[in-house]
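*Asks:* The C-terminal residue of the sequence shown carries number 237 in numbering that gives the first Met the number 0, and the numbering is unbroken. Glycine included, each C-beta is placed from N, C-alpha and C at the ideal position.
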Amino acid sequence: MEFKDVMAQRHSVRAFTDQPVSDELLNELLATATSSPSWSNTQPYQIAVAKGAVLEDLRERLPPMFDDLVSLARGSKFKQLKAMVTKDGVPDGDFRPITDYPKDLQPRRNATGQQLYELIGIERGDKMGRHLQMRENFRFFNAPVALFIFVHEGLDVYSPLDAGIFLQSLMLAATDAGLGTCAQGALAIWRSPLEKHFSIPENYKLLCGLSLGYEADETINRFKPQRQPLQALLVPER
Ligand SMILES: Cc1cc2nc3c(=O)[nH]c(=O)nc-3n(C[C@H](O)[C@H](O)[C@H](O)COP(=O)(O)O)c2cc1C
């Protein structure tokens, strides 16, 4: 594909078919992404690849954890305090999940969310509908592969920056090969379920996940959130 077409066609896929992704293709995509630039060429990231039985175990365990977290957030202060003490189900990810958005960014987030729910017919007040859609994150949108990206703790913001560049390379390589992807911050809420399956170095912190597979012909995949006009992203001259 032409580079511009790859850029234009990459979008977040939130419904995947059952078609498996061959190990050969997956390795090829990852190998392509390794040519990404990084701070002093340190490549300060590690990737855990979940597929097969490992992925199915996570697909089974994460959605109920999400249900519990939501009911905890909506529950009594006592229940919340108890959970803090027992650490039962509370987020144990390495980075603080963003719940409060800066005032200037919140409208962009709201608009994107509203347009997505509108497209798939979930009404504004339909809390359960929204919950079930959010929950799909933890089922990896049915994808046959999920990747988890860890970043070295010792390079400050530059590790996540480099990992972001790597992720974009990977997503573009996947698009070029006819696959779909969805980067998912939601998958960084819990680290502990991953510890069961992977030997993660302690100095690497869980940044986000990425679902990967073949795009299903579903309405949700036609979502194309608008971008800010370029002008809004340019710092004005004095
Ligand atoms: C770091 C990062 C984290 C994201 N986390 C999620 C997520 O948890 N769930 C989700 O459905 N989409 C997630 N997205 C996808 C964004 O919502 C999406 O990229 C944005 O709305 C623009 O849409 P597009 O990717 O289709 O162009 C994430 C994207 C990035 C880059």
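On a CA-only basis, which of A142, K126, A7 and P200 is nearest R73? Give me that one, please.
*Replies:* Ranking A142, K126, A7 and P200 by Cα distance to R73 puts K126 first.
*Asks:* When the Cα of R60 is compared with those of N40, L80, E122 and F139, which residue comes out closest?
*Replies:* The residue with the shortest Cα to Cα distance from R60 is F139.
*Asks:* Note down the Cα distance separating P43 from L178, rounded to an integer number of angstroms.
*Replies:* Rounded to whole angstroms, P43 to L178 spans 26 Å at the Cα level.
*Asks:* I need the DSSP call for E214, collapsed to helix, strand or coil.
*Replies:* Strand at E214.
*Asks:* Do you know how far the Cα of N202 is from the Cα of G124?
*Replies:* Taking the straight line from one Cα to the other gives about 42 Å.
*Asks:* Expressed to the nearest angstrom, what Euclidean distance is found between the alpha-carbon atoms of V150 and P235?
*Replies:* One C-alpha to the other measures close to 33 Å.
*Asks:* Examine ligand 1 and report whether any of its heavy atoms sits within less than 7 Å of the Cβ of N13.
*Replies:* Correcting the residue identity first, residue 13 is Arg in this sequence and not Asn. R13 Cβ: within cutoff of ligand 1.
*Asks:* Give the secondary structure of K223 by DSSP, where H, G and I count as helix, E and B as strand, and everything else as coil.
*Replies:* Here K223 sits in coil by DSSP.
*Asks:* State the DSSP-derived secondary structure class of M145, mapped to helix, strand or coil.
*Replies:* The sequence given here has Ala at residue 145, not Met. In this structure, A145 counts as strand in the three-state DSSP scheme.
*Asks:* So, with DSSP's three-state summary, where would you put A30?
*Replies:* It is helical.
*Asks:* From which residue to which residue does the alpha helix (DSSP H) around G179 run?
*Replies:* Looking at the DSSP string, G179 is not in any alpha helix (DSSP H); the run it does join, the beta strand (DSSP E), is G179 to Q183.
*Asks:* How about C207 and L186: are their beta carbons less than 8 Å apart?
*Replies:* In this structure, L186 lies closer than 8 Å to C207 by Cβ.
*Asks:* Rounding to the nearest angstrom, what Cα-Cα distance links G128 and G112 in this structure?
*Replies:* Rounded to whole angstroms, G128 to G112 spans 13 Å at the Cα level.
*Asks:* Tell me whether the segment 189 to 198 and the segment 95 to 104 touch, counting them as touching only if at least three CB pairs, one residue from each stretch, are closer than 8 Å.
*Replies:* Short answer: they don't touch.
*Asks:* When you compare only the Cα positions, how much space is there between L166 and K76?
*Replies:* If you take the alpha carbons of L166 and K76, they lie about 38 Å apart.
*Asks:* If we call anything under 8 Å between Cβ atoms a contact, is A172 one with A49?
*Replies:* Not in contact: A172 and A49 (Cβ atoms no closer than 8 Å).
*Asks:* Could you check which residue in R221, G153, M0 and S168 has the C-alpha nearest to that of A209?
*Replies:* According to the sequence shown, residue 209 is Leu rather than Ala. Answer by Cα proximity: S168.
*Asks:* Just how far apart, CA to CA, sit R134 and L68?
*Replies:* One C-alpha to the other measures close to 11 Å.
*Asks:* Within 7 Å: the Cβ of H10 and any heavy atom of ligand 1?
*Replies:* Yes, the beta carbon of H10 sits closer than 7 Å to at least one heavy atom of ligand 1.
*Asks:* Using a 10 Å radius around the Cβ and a threshold of 16 neighbouring Cβ atoms, would you call V156 buried or exposed?
*Replies:* Looking at its Cβ environment, which holds fewer than 16 other Cβ atoms inside 10 Å, V156 is exposed.
*Asks:* Grab the span of the beta strand (DSSP E) containing Q45 for me, first residue to last.
*Replies:* Looking at the DSSP string, the run of the beta strand (DSSP E) that includes Q45 is Y44 to K50.
*Asks:* For K223, which option in T16, L118 and K3 has the closest C-alpha, if you only look at C-alpha atoms?
*Replies:* The candidate whose alpha carbon is nearest that of K223 is L118.
*Asks:* Does ligand 1 have a heavy atom nearer than 7 Å to the CB of Q105?
*Replies:* Not so, every heavy atom of ligand 1 lies at least 7 Å from the Cβ.
*Asks:* Specify, as a first and last residue, the run of the alpha helix (DSSP H) that E135 falls within.
*Replies:* Premise fails: E135 is in no alpha helix (DSSP H) and is neither H nor E.
*Asks:* Between A185 and ligand 1, is the CB less than 7 Å from at least one heavy atom?
*Replies:* A185 Cβ: within cutoff of ligand 1.
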